[in-house]
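**Student:** So that we are looking at the same thing, I have put the structure below in structure tokens.
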Amino acid sequence: MTLAGLTAGRLQGGDWRQLSPDDLATLFKPEVVEFLPHGFQGLLTEPDQRAFLTALSSQAEVLALFEETGAGVGLVILSHADPDSTERHLGYLLAQRIWGQGLATGLIAGLQDLYRGTDVTLCGGVMQGNTASARLLQRAGFQGRDTGDEVVYCWSGNGH
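Going by UniProt numbering, the sequence shown opens with residue 1, and the numbers climb by one from there.
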């Protein structure tokens, strides 16, 4: 099962390669990637951003999120924890201009709808200080476990 065709509220999933230079600049702003792994930091040029996403695509499923207008406003990344595992590592980022509009809630609900009734477990690490993502995942039924620098939140598609 893949992310292809994911719809999350007002957002539609699509090929990240269709993101415009302006979309990429918006998504890689320091305040947007502040709580993401270090690889996302400091990517200031379009070639660097595209090279990073190309490399990431070889390890994970990367999906862009587009508004109805066609503007790219987010990325969803799902990777396998281990090739033999049903656990998928979840990462996402949304353009700052759409924060606070409930779109992240819709995104998580869309992912849960996609994987509900399957053996897939979605897990996302949330760095200390990223209270918005922590609250979002808790409200969506993800269970957290503190690992030191971050809390890993997991949700199982089969309800266990």
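For glycine and all other residues, C-beta sits at the position ideal for the given N, C-alpha and C. No experiment lies behind these values; they were computed from the predicted model shown.
#1: Could you tell me which residues DSSP puts in a beta bridge with residue 151?
#2: Thinking just about the alpha-carbon of each residue, which of 142, 33, 128, 135 is nearest to the one in residue 150?
#3: Measure the Cβ-Cβ separation of residue 77 and residue 95 and say whether it is below 8 Å.
#4: On the DSSP bridge list, what partners appear for residue 12?
#5: Identify, in the order they occur along the chain, each residue of the same chain with its Cβ nearer than 6 Å to the Cβ of residue 162, setting aside the five sequence neighbours on each side.
#6: With distance defined between alpha-carbon atoms, name the residue in 101, 146, 124, 123 nearest to residue 67.
#7: Can we say the segment 106–120 touches the segment 4–19, given the rule of at least three CB pairs closer than 8 Å?
**Tutor:** The answer reads as follows:
#1: Counting from 1 along the sequence shown, the entry for residue 151 is found at position 151. Looking at the DSSP assignment, residue 151 forms a beta bridge with 126, 146.
#2: If you number the sequence shown from 1, residue 150 lands on position 150. The shortest C-alpha separation from residue 150 is found at 128.
#3: Taking the sequence shown and counting its residues from 1, the one referred to as residue 77 is at position 77. Taking the sequence shown and counting its residues from 1, the one referred to as residue 95 is at position 95. It is not a contact, given that the beta carbons lie outside the stated cut-off.
#4: Your numbering for residue 12 matches position 12 in the sequence shown. Per DSSP, 7, 66.
#5: Lying before the first or after the last residue shown, residue 162 is absent from the chain, which here runs from 1 to 160.
#6: The count along the sequence shown starts at 1 and reaches residue 67 at position 67. Of 101, 146, 124, 123, the residue nearest in Cα terms is 101.
#7: yes
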